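Undergrad: Residue 1056 is where the sequence shown starts when you use my numbering, and the numbers rise one by one after that.
Ideal Cβ positions, reconstructed from N, Cα and C, are used throughout, including at glycine.
If you're wondering where the values come from, they're calculated on a predicted model, not measured in any experiment.
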Amino acid sequence: MSKVLIIGAGGVGGVVAHKAAMEKTHFSEVMLASRRLAPVEKLAAEIEQMHGRKIQTAQVDADDVPALTKLLKDYQPKVVINVALPYQDLHIMDACLAAGVDYLDTANYEPPDVAKFEYKWQWAYQDRFAKAGRMALLGSGFDPGVTNVFCAYVQKHLLDEVHYVDIVDCNGGSHGKAFATNFNPEINIREITARGRYWEGGEWKETDPLSVARMFDYPGVGERKSFLLYHEELESLAKNLKGLKRIRFWMTFGEAYLKHLEVMQNIGITRIDEVEFEGKKIVPIKFLRALLPDPASLAANYTGKTSIGCLCEGVKNGQKKRYFIYNICDHAETYKEVRAQAVSYTTGVPAVTGAVMMVTGAWKGAGVFNMEQLDPDPFLEDVGKRGLPWHVEER
Ligand SMILES: NC(=O)c1ccc[n+]([C@@H]2O[C@H](COP(=O)([O-])OP(=O)(O)OC[C@H]3O[C@@H](n4cnc5c(N)ncnc54)[C@H](OP(=O)(O)O)[C@@H]3O)[C@@H](O)[C@H]2O)c1
């Protein structure tokens, strides 16, 4: 039994806190900490009322490394689950090293002033974590996260070599708002408006933002137009899958969403650089975030399903084979269970599973790890039982 500390009390943090509190076998105590105490206390009250477990609460600015280190030293968790924003990743890793605590996150570090999704900043911590005998698990959400583990499963059990991977992500749900993002608007819009990128024949190929699309038939949802995007798991999977020839990532967007995004880009409100406004400097995308619906607030009226998976093609015993491995998740069901929509749920559940892997020693090691570097079997068994059942089909 171990203590766990969660940082971030947004849409994903809420799911992690609920599911961690429901995990009574492996977590002796759960603490939820965030920059503002009000959302933390609201969640703690909801969790006590719904699951009958009291969790501890704290206020911390994770960018204040000494303050966070002190909190970690006082509380002494076995692992920190970082579900604040990617900007905090390096500061939280620094505090974990200073306090001797294991680290887990769901999104790779991004510098605030440039939308650049790369593991290089976090991979640079390899030696420090290894020397300290501590583990850092990167990207334990759904994508990255479960998608990496799906690829590891296909590599371990189904194919001798994985040649082609298409990760396909569909939110077929409806929240009834004209425009909203399903997780942090700033991070989400930065990701979607960046140039597309995929890996083929040993090199990265770039495309204009949202310029390449294809139809894909998503189990549980149906045919949807899907757009090629760069997504961070491509970087580690291109490195870690044997014999890989090409890997791409696709995500669905509706017409209304794309039209809003186009207008917002044209008028400059998605800009991430500072602009002068009435004698002050503001970053337009941060102002936009303040105007858009809080993703957690979408949950109550969300209907429909998410459907996310990996289409993997390669060879087994010299024969060409193709598998699709996926999960379907229902927004209304996740709301019933933990008051969250499925995008937060599909991120938060794997974060808790990752932490369980770490505290039980099912996954162990000293250094910085991406999910596909570890044994997929115990993770997939746990994540399926914890609320995200998965399926494999030969195509
Ligand atoms: N891998 C995946 O599948 C996946 C999918 C979706 C999202 N994600 C990631 O999940 C993370 C959380 O997303 P979300 O939608 O829950 O975001 P969110 O709703 O904006 O929540 C972020 C939380 O972090 C807190 N926070 C921000 N800066 C902080 C700081 N300096 N110190 C302490 N707390 C701080 C925020 O506090 P305030 O309320 O004070 O701002 C808020 O509670 C993001 O990194 C996102 O990229 C991963």
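Let me check you understand the geometry: is the CB of Pro1141 closer than 8 Å to at least one non-hydrogen atom of ligand 1?
TA: As a working note, residue 1141 is residue 86 in the sequence shown. Yes, since a heavy atom of ligand 1 falls inside the 8 Å radius drawn around the Cβ of Pro1141.
Undergrad: Within 10 Å of its beta-carbon, does Thr1307 have 16 or more other beta-carbons around it, so buried, or fewer, so exposed?
TA: For the purposes of this step, residue 1307 is taken as residue 252 along the sequence shown, with counting starting at 1. Result: buried.
Undergrad: Only counting the same chain, and skipping five residues up and downstream in sequence, which positions put a Cβ closer than 6 Å to that of Glu1261?
TA: For the purposes of this step, residue 1261 is taken as residue 206 along the sequence shown, with counting starting at 1. Only Arg1250, Arg1252 meet the Cβ criterion.
Undergrad: Could you compute how far the alpha carbon of Phe1271 sits from the alpha carbon of Asn1226?
TA: In the sequence shown, counting from the first residue as 1, residue 1271 sits at position 216. In the sequence shown, counting from the first residue as 1, residue 1226 sits at position 171. Spanning the two alpha carbons is a distance of roughly 13 Å.
Undergrad: Roughly how many angstroms separate the alpha carbons of Ile1062 and Cys1365, rounded to a whole number?
TA: For the purposes of this step, residue 1062 is taken as residue 7 along the sequence shown, with counting starting at 1. For the purposes of this step, residue 1365 is taken as residue 310 along the sequence shown, with counting starting at 1. Distance between the alpha carbons of Ile1062 and Cys1365: 29 Å.
Undergrad: With DSSP run on the structure shown, which of helix, strand or coil describes Ala1417?
TA: Walking along the sequence shown from the start, residue 1417 turns up at place 362. Note: Ala1417 maps to coil in three-state DSSP.
Undergrad: In whole angstroms, what separates the C-alpha of Glu1449 from that of Leu1123?
TA: Numbered from its first residue, the sequence shown carries residue 1449 at position 394. Numbered from its first residue, the sequence shown carries residue 1123 at position 68. Their Cα atoms are separated by approximately 47 Å.
Undergrad: DSSP three-state call for Asp1432: helix, strand or coil?
TA: Your numbering for residue 1432 matches position 377 in the sequence shown. The answer is helix: DSSP assigns Asp1432 an H, G or I state.
Undergrad: Any heavy atom of ligand 1 closer than 8 Å to the Cβ of Arg1441?
TA: Locating residue 1441 in the sequence shown gives position 386, counting from the first residue. Not under cutoff, so the answer is no.
Undergrad: Using the Cα positions of Gln1114 and Asn1239, report the straight-line distance between them to the nearest angstrom.
TA: Numbered from its first residue, the sequence shown carries residue 1114 at position 59. Numbered from its first residue, the sequence shown carries residue 1239 at position 184. When rounded, the distance between both Cα atoms is 20 Å.
Undergrad: Given a threshold of 16 other Cβ atoms within 10 Å of its Cβ, counted over all protein chains shown, does Ala1100 qualify as buried or as exposed?
TA: To locate residue 1100, count along the sequence shown from 1; it is residue 45. Ala1100 comes out exposed.
Undergrad: Any heavy atom of ligand 1 closer than 8 Å to the CB of Asn1239?
TA: In the sequence shown, counting from the first residue as 1, residue 1239 sits at position 184. Checking every heavy atom of ligand 1 against the Cβ of Asn1239, one is found closer than 8 Å.
Undergrad: Is Asp1198 near ligand 1, with its Cβ less than 8 Å from a heavy atom?
TA: Taking the first residue of the sequence shown as 1, we reach residue 1198 at position 143. It does: the Cβ of Asp1198 is within 8 Å (strictly closer) of some heavy atom of ligand 1.
Undergrad: Between the stretch 1399–1406 and the stretch 1197–1205, do at least 3 Cβ pairs fall closer than 8 Å?
TA: Short answer: they touch.
Undergrad: Compare the C-alpha of Tyr1283 against each of Lys1335, Asp1224, Ala1311 and name the closest.
TA: Residue mapping note: residue 1283 aligns to position 228 of the sequence shown, counting from 1. Position check: residue 1283 holds Leu in this sequence, whereas Tyr was assumed. Of Lys1335, Asp1224, Ala1311, the residue nearest in Cα terms is Asp1224.
Undergrad: Do you know how far the Cα of Ala1235 is from the Cα of Val1120?
TA: Within the sequence shown, the letter at position 65 stands for residue 1120. Within the sequence shown, the letter at position 180 stands for residue 1235. Roughly 32 Å between the two C-alpha positions.
Undergrad: Using beta-carbon positions only, say whether Ala1064 and Ala1072 come within less than 9 Å of one another.
TA: Here residue 1064 corresponds to residue number 9 of the sequence shown, with the count starting at 1. Here residue 1072 corresponds to residue number 17 of the sequence shown, with the count starting at 1. Yes.
Undergrad: Looking at ligand 1, does it come within less than 8 Å of Asp1118, judged from the CB to the closest heavy atom?
TA: As a first step, residue 1118 is located in the sequence shown; it is residue number 63 there, counting from the start. Within the cutoff, so yes.
Undergrad: Can at least three beta-carbon pairs, one atom from the stretch 1382–1399 and one from the stretch 1150–1169, be found at a separation below 8 Å?
TA: Judged by Cβ distances under 8 Å, the stretch 1382–1399 makes no contact with the stretch 1150–1169, as fewer than three pairs qualify.
Undergrad: Leaving out five residues on either side along the sequence, give the residues of the same chain with a beta carbon under 6 Å from the beta carbon of Asp1144.
TA: Position 89 of the sequence shown, counting from 1, holds the residue named residue 1144. Excluding sequence neighbours, Asp1144 sits near Asp1160, Tyr1164.
Undergrad: Here's the rule: buried if 16 or more other CB atoms are within 10 angstroms of the residue's CB, otherwise exposed. What is Gln1104?
TA: Numbered from 1 along the sequence shown, position 49 holds the residue referred to as residue 1104. Exposed, by the Cβ-count rule.
Undergrad: Quick check: what's the CA-CA separation for Val1156 versus Gly1334?
TA: One-based indexing of the sequence shown puts residue 1156 at position 101. One-based indexing of the sequence shown puts residue 1334 at position 279. In a straight line, the C-alpha of Val1156 is about 43 Å away from that of Gly1334.
Undergrad: Is Lys1160 near ligand 1, judged by its Cβ being under 8 Å from some heavy atom?
TA: Against the sequence shown, residue 1160 aligns to sequence position 105. The sequence as given places Asp at residue 1160; Lys does not occur at that position. Indeed, a heavy atom of ligand 1 lies less than 8 Å from the Cβ.
Undergrad: In terms of alpha-carbon separation, which member of Leu1060, Val1070, Met1056, Gln1428 lies closest to Tyr1390?
TA: In the sequence shown, residue 1390 corresponds to position 335, counting from 1. When each option's Cα is compared against that of Tyr1390, the closest is Val1070.
Undergrad: Could you give the residue range of the beta strand (DSSP E) that holds Ser1089?
TA: Mapped onto the sequence shown, residue 1089 falls at position 34. Segment 1082–1089, the beta strand (DSSP E) holding Ser1089.
Undergrad: Would you list the one or two residues that DSSP bridges to Ile1062?
TA: Here residue 1062 is taken as the residue at index 7 of the sequence shown, counted from 1. Bridge partners of Ile1062: Ala1088, Asn1137.
Undergrad: Threshold first: 4 residues or longer. Then list the alpha helix (DSSP H) segments lying entirely within the stretch 1116–1169, N to C.
TA: Qualifying alpha helix (DSSP H) stretches, in chain order: 1120–1130, 1144–1154.
Undergrad: So which of Lys1232, Leu1429, Met1412, Phe1197 has the shortest CA-CA distance to Glu1287?
TA: For this step, residue 1287 is matched to residue 232 along the sequence shown. Glu1287 has its Cα closest to that of Phe1197, out of Lys1232, Leu1429, Met1412, Phe1197.
Undergrad: Does the stretch 1413–1425 come into contact with the stretch 1187–1196, if we say contact requires no fewer than three beta-carbon pairs (one atom in each stretch) closer than 8 Å?
TA: Touching, per the Cβ criterion.
Undergrad: Can you give me the C-alpha to C-alpha distance between Ala1351 and Lys1097, rounded to a whole angstrom?
TA: Counted from its first residue, the sequence shown places residue 1351 at position 296. Counted from its first residue, the sequence shown places residue 1097 at position 42. In a straight line, the C-alpha of Ala1351 is about 13 Å away from that of Lys1097.
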